[in-house]
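Peer 1: My structure is below; once you've seen it, I'll send some questions.
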Ligand code: C2E
Ligand code: MG
Ligand code: MG
Ligand code: MG
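Numbering (full-length UniProt numbering), first residue to last: 727 to 1002.
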């Protein structure tokens, strides 16, 4: 009853909010049809070691919108999560990524690369996610040991026990997990220790405003020390300048991703790095 009244109030007296809701509904419909019409693409951003040798890539979604041009994930991931469309979108990304991995395995210069795919907590909590991954790996022929799934700290907001069980089952297949945007979320160190991770990605916000021995420098040193003691590989995201890489290297960081090494690019562009 109260809910009903609230809804009416909203319609009658807040045209601005109503307009916002209409816009959301329109975007959701647009997302749905974009999925049906194959408007989504997977881009690839290189990840490197200290010598700038490629160690792998991160797969990143782009929406090739017929009217809006290329749309970045910031414009659609949140709504995809809320509407549940993230499951279909995420499946698309996983399928494309596994196909790319299987293809790289046949190219000597690319066979050693790993590929990281972002997955949302919603995907991980699907009843049959492990079985789905198994059949996807089988269908594509991708080596699970080259596949890394990037999760964010919000997995601990849901059913942590279930998340851990799913991660362990995928670990058994060879699939590894990275904690993305580390340091920006809600997870406690207690959870961090319990999740079967192999990598932490230092969020790019700590690197963007890096001043020697400022607060962010202290955070970076702490994350690297944490990685050491928990036996986790650390990769720095959003590295844009030589001094940033030099500082991170000085702190002991061994792996890097960012515009300094390459932008997210099409699969053909990424593959071309390894030809000739
Ligand atoms: P993320 O996983 O943290 O990905 C890294 C983001 O940083 C990407 O933004 C990348 O383009 C951007 N980036 C890389 N290097 C630099 C740099 O040097 N400087 C700056 N300023 N930015 C850099 P993008 O591609 O816009 O993706 C944003 C977020 O959308 C991702 O953040 C990820 O959380 C989400 N996302 C992307 N693809 C997927 C997907 O397939 N599934 C899910 N669930 N989320 C995705
Ligand atoms: Mg990521
Ligand atoms: Mg990140
Ligand atoms: Mg992220």
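Quick reminder that beta carbons are idealized off the backbone N, C-alpha and C, glycines included.
Closest to residue 922 by CA distance: which of 890, 990, 866 is it?
Peer 2: Along the chain shown, read from residue 1 onward, the residue named residue 922 stands at position 196. If we check each option's Cα against that of residue 922, 890 comes out closest.
Peer 1: Using the rule of at least 16 other Cβ atoms within 10 Å of the residue's Cβ for burial, across every protein chain shown, is residue 883 buried or exposed?
Peer 2: As a first step, residue 883 must be located in the chain shown, where it is residue number 157. It counts as exposed.
Peer 1: Quick one, are the C-beta atoms of residue 772 and residue 780 less than 8 Å apart?
Peer 2: Counting from 1 along the chain shown, the entry for residue 772 is found at position 46. Counting from 1 along the chain shown, the entry for residue 780 is found at position 54. Closer than 8 Å, so yes.
Peer 1: Among 827, 845, 954, which residue has its Cα nearest to the Cα of residue 811?
Peer 2: Sequence index remark: in the chain shown, residue 811 carries index 85 (1-based). Of 827, 845, 954, the residue nearest in Cα terms is 845.
Peer 1: Near ligand 2, which residues have their beta-carbon closer than 7 Å to a heavy atom?
Peer 2: Any residue whose Cβ sits closer than 7 Å to a heavy atom of ligand 2 makes the list: 784, 842, 844, 876, 906, 927.
Peer 1: In whole angstroms, give me the CA-to-CA distance for residue 763 and residue 830.
Peer 2: As a working note, residue 763 is residue 37 in the chain shown. As a working note, residue 830 is residue 104 in the chain shown. Going by the C-alpha atoms only, they are around 27 Å apart.
Peer 1: Is it right to say residue 866 is buried, meaning 16 or more other beta carbons lie within 10 angstroms of its own, or is it exposed?
Peer 2: Position 140 of the chain shown holds residue 866. Residue 866 is buried by the Cβ-count criterion.
Peer 1: In angstroms with no decimal places, state the Cα-to-Cα distance between residue 851 and residue 836.
Peer 2: By one-based count along the chain shown, residue 851 stands at place 125. By one-based count along the chain shown, residue 836 stands at place 110. Spanning the two alpha carbons is a distance of roughly 32 Å.
Peer 1: CA-CA distance, residue 787 and residue 919?
Peer 2: The residue given as residue 787 occupies position 61 in the chain shown. The residue given as residue 919 occupies position 193 in the chain shown. Roughly 29 Å between the two C-alpha positions.
Peer 1: In the structure shown, what three-state DSSP assignment does residue 742 receive?
Peer 2: The residue labelled residue 742 in the question sits at position 16 within the chain shown. Here residue 742 sits in helix by DSSP.
Peer 1: What runs of the beta strand (DSSP E), each 3 residues or longer, lie entirely inside the stretch 854–919?
Peer 2: 873–877, 902–908, all fully within the stretch 854–919.
Peer 1: Quick check: the Cα distance between residue 790 and residue 768, rounded to an integer number of angstroms?
Peer 2: Working through the chain shown from its first residue, we reach residue 790 at position 64. Working through the chain shown from its first residue, we reach residue 768 at position 42. So the alpha carbons of these two residues sit roughly 10 Å apart.
Peer 1: Mapping the DSSP letters down to three states, classify residue 728 as helix, strand or coil.
Peer 2: As a working mapping, residue 728 is identified with position 2 in the chain shown. In this predicted model, residue 728 has a pLDDT of only 44, less than 50, meaning its place in the structure is not dependable; the value taken from the coordinates is given anyway. Helix at residue 728.
Peer 1: What residue range is occupied by the uninterrupted beta strand (DSSP E) comprising residue 843?
Peer 2: Taking the chain shown and counting its residues from 1, one reaches residue 843 at position 117. Segment 840–844, the beta strand (DSSP E) holding residue 843.
Peer 1: Does any heavy atom of ligand 3 sit closer than 7 Å to the C-beta of residue 880?
Peer 2: On the chain shown, position 154 is the one that residue 880 refers to. No, Cβ of residue 880 sits at least 7 Å from all heavy atoms of ligand 3.
Peer 1: Under the DSSP definition of a beta bridge, which residues are partnered with residue 797?
Peer 2: For the purposes of this step, residue 797 is taken as the residue at position 71 of the chain shown. Per DSSP, 789.
Peer 1: Using DSSP with H/G/I as helix, E/B as strand and the rest coil, what is residue 771?
Peer 2: Within the chain shown, numbered from 1, the residue matching residue 771 stands at position 45. If DSSP states are grouped into helix, strand and coil, residue 771 belongs with the strands.
Peer 1: Could you check if residue 787 belongs to the surroundings of ligand 1, using beta carbon to heavy atom distance under 7 Å?
Peer 2: As a first step, residue 787 must be located in the chain shown, where it is residue number 61. Flag set: Cβ of residue 787 near ligand 1.
Peer 1: Which same chain residues, not among the five before or five after residue 888, have their C-beta less than 7 Å away from its C-beta?
Peer 2: As a position in the chain shown, residue 888 is number 162, starting the count at 1. So the list reads 851, once near-sequence residues are dropped.
Peer 1: With distances taken between CB atoms, is the gap from residue 986 to residue 966 smaller than 8 Å?
Peer 2: Taking the chain shown and counting its residues from 1, one reaches residue 986 at position 260. Taking the chain shown and counting its residues from 1, one reaches residue 966 at position 240. In contact: residue 986 and residue 966 (Cβ atoms closer than 8 Å).
Peer 1: Does the beta carbon of residue 824 come closer than 8 Å to any beta carbon on chain D?
Peer 2: Here there is only one protein chain, and chain D is not present.
Peer 1: Are the CB atoms of residue 875 and residue 903 nearer to each other than 8 Å?
Peer 2: Along the chain shown, read from residue 1 onward, the residue named residue 875 stands at position 149. Along the chain shown, read from residue 1 onward, the residue named residue 903 stands at position 177. Yes, the pair counts as a contact, with Cβ atoms nearer than the cut-off.
Peer 1: Sorted by chain position, which residues of the same chain lie with C-beta nearer than 6 Å to residue 731's C-beta, five sequence neighbours on each side aside?
Peer 2: Indexing the chain shown from 1 puts residue 731 at position 5. Caution is warranted here: a pLDDT of 47 is assigned to residue 731, below 50, making its placement in the model unreliable, and the coordinate value is therefore given only provisionally. Excluding positions up to five away in sequence, the list is empty.
Peer 1: Quick one: grab the DSSP three-state call for residue 805.
Peer 2: For the purposes of this step, residue 805 is identified with residue 79 of the chain shown, where counting begins at 1. If DSSP states are grouped into helix, strand and coil, residue 805 belongs with the helices.
Peer 1: When every heavy atom of ligand 3 is checked, does at least one fall within less than 7 Å of the C-beta of residue 790?
Peer 2: The count along the chain shown starts at 1 and reaches residue 790 at position 64. Residue 790 Cβ: outside cutoff for every heavy atom of ligand 3.
Peer 1: Between residue 935 and ligand 3, is the CB less than 7 Å from at least one heavy atom?
Peer 2: Residue mapping note: residue 935 aligns to position 209 of the chain shown, counting from 1. Outside the cutoff, so no.
Peer 1: Taking only the alpha-carbon atoms, compute the straight-line gap between residue 817 and residue 842 and give it to the nearest angstrom.
Peer 2: As a first step, residue 817 is located in the chain shown; it is residue number 91 there, counting from the start. As a first step, residue 842 is located in the chain shown; it is residue number 116 there, counting from the start. Distance between the alpha carbons of residue 817 and residue 842: 14 Å.
Peer 1: Taking 7 Å as the cut-off, does the CB of residue 963 come closer than this to any heavy atom belonging to ligand 3?
Peer 2: As a first step, residue 963 is located in the chain shown; it is residue number 237 there, counting from the start. Flag set: Cβ of residue 963 near ligand 3.
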